[in-house]
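Position one of the sequence shown corresponds to residue 2 (this note's numbering), numbered consecutively onward.
Don't be surprised by glycine CBs; every beta carbon is placed ideally from N, CA and C.
Have a look at the structure below before the remarks.
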Amino acid sequence: MTLSEIKRILAEGGIQPAKSLGQHFLHDANQVRRILEAAELDSKDRVLEIGPGLGALTEGLAARAGRVLAIEKDDRLFAWLEDHFAGAKNLSLRHGDALEVLQHEPIDWTGWKLVSNLPYSVTSSILLQLSASSNCPRRMVIALQLEVVQRLLAAPGDFDYGVLTLLIQLRYRVNRVFRITARCFFPEPKVDSAVLVLERREEALLSERLAVVFARIVRRSFSQRRKIMLKLLKEDWPGEQLIGAFDRLGLPYQVRAEAVSLDQFVSLTRMLPILRIQPSPDNPATK
Ligand code: SAM
């Protein structure tokens, strides 16, 4: 979809792009093609798209994949999409907040791919929600603003290393693919974006049950970034068990969470006994 087409459709519908919904429409055909190629689609694929907008990606997804489910929150865009894609038999358009759909209508996404230019305000919540269970999509090809990209790719010691990094990297190998400059979107966002490909790990690093404990350890450890991790974890685990686990892992007692690697968090999770963690009704693995 070209820039002039986007402007025309918005003008005809009297639609002002809503900042609160992260509406930045992709109008660079070259970038659309690169995203579709990174998704490596064929007719057996089922694809989830969150925020189809004016269908920049949706058209190519429906042409290549066996089935596409696209969830759009904006009433005006949804009405336009229904009209525009009326003949697309393998496309299901869903009107609603993707976060609510994901939370309240659990679907086994194991065989699915997520291909989306995600709305900025809900990017982290959507990624956390989707990766909270082992039924997460096998591949995610996502355009994201650079700030989130840095968090997903961060390594120990990096400023952006934290809860999002670890909860996503537990399930996925994260690869940066290419950058998209802000000029490729209308209206232009303040920062550039990049496309990442997240490949679900073939062998889960932890069982479902332990993944919940891992999330608890990680969240607690980063709850006060500058504090010593051992002290923070004492809120949840007895000191002597923590000391034993730290000794076996060779972790200094003074270490802060920002210096602890994914592998070390995984090992620590295996060493600490499972507590009676109260799951949140909304998002059992991430609270
Ligand atoms: N896919 C289109 C493109 O690439 O041009 C639009 C991408 S735009 C960055 C994000 C889209 O997500 C918008 O269409 C916006 O209305 C929609 N959106 C925002 N929040 C949403 C939510 N919670 N659930 C579903 N869609 C949402």
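Residue i burial status per 10 Å Cβ neighbour count (16 or more: buried)
i    : result
E6   : exposed
F179 : exposed
M272 : exposed
I218 : buried
I244 : exposed
P107 : exposed
E209 : exposed
R172 : buried
Q279 : Bear in mind that a pLDDT of 47 at Q279, under 50, signals an unreliable position, so the number given afterwards is only what the model happens to contain. By the 10 Å Cβ count, Q279 comes out exposed.
G112 : exposed
T270 : buried
D264 : exposed
P253 : exposed
N118 : buried
A212 : buried
A286 : Here the model assigns A286 a pLDDT of 43, short of 50, so the residue's position is not dependable, and the following value carries that caveat. Buried, because 16 or more other Cβ atoms sit within 10 Å of the Cβ of A286.
S132 : buried
H105 : exposed
Nearest neighbour of residue i, chosen from the options [CA to CA]
i    : options                : result
S93  : L103, L100, L82        : L82
E13  : L22, R68, R77          : R77
K114 : V102, N136, E241       : N136
D84  : L62, R65, D248, L55    : L55
E259 : K232, R220, R226, L153 : R226
K20  : F86, L154, G67, K191   : K191
S268 : F247, E200, Q255, S224 : F247
L147 : P188, D193, L154, A155 : D193
F215 : L199, V175, N118, L167 : L167
I169 : E189, D237, R202, F186 : R202
D43  : R9, D237, A66, V116    : A66
Residue i beta carbon near the ligand SAM (any heavy atom closer than 7 angstroms)
i    : result
D75  : yes
H96  : no
G23  : yes
F26  : yes
L115 : no
A57  : yes
L78  : yes
P120 : yes
V61  : Per the sequence presented here, residue 61 reads as Gly, with Val not at that position. No, since every heavy atom of the ligand SAM falls outside the 7 angstroms radius drawn around the Cβ of G61.
P53  : yes
L100 : yes
I143 : no
I72  : yes
Whole-angstrom distance between residue j and residue i, CA atom to CA atom
i    : j    : result
S281 : A57  : Residue placement at S281 cannot be trusted, given a pLDDT of 47 that sits under 50; what the coordinates show is reported in the next sentence. Each residue's alpha carbon lies about 36 angstroms from the other.
S122 : T3   : 25 angstroms
D161 : K90  : 42 angstroms
A99  : I127 : 8 angstroms
D283 : I72  : Confidence at D283 is low in this model, with a pLDDT of 44, below 50, so its placement is unreliable and no value can be given for it.
V142 : E241 : 43 angstroms
F223 : I51  : 29 angstroms
G15  : V33  : 25 angstroms
G97  : G88  : 21 angstroms
Q255 : R68  : 51 angstroms
L103 : Q24  : 20 angstroms
V48  : R249 : 43 angstroms
V149 : R140 : 18 angstroms
E38  : Q17  : 31 angstroms
R174 : L206 : 11 angstroms
K288 : P274 : A caution first: K288 carries a pLDDT of 43, below 50, which makes its placement in the model too unreliable to give a value.
T182 : P188 : 12 angstroms
F79  : F266 : 42 angstroms
S125 : L165 : 7 angstroms
Any non-hydrogen atom of the ligand MN closer than 7 angstroms to residue i Cβ
i    : result
V123 : This structure does not include the ligand MN; its bound ligands are the ligand SAM.
Residue-chain proximity (residue i, chain D), Cβ-Cβ < 8 angstroms
i    : result
A133 : Chain labels in this structure do not include chain D; a single protein chain is all it has.
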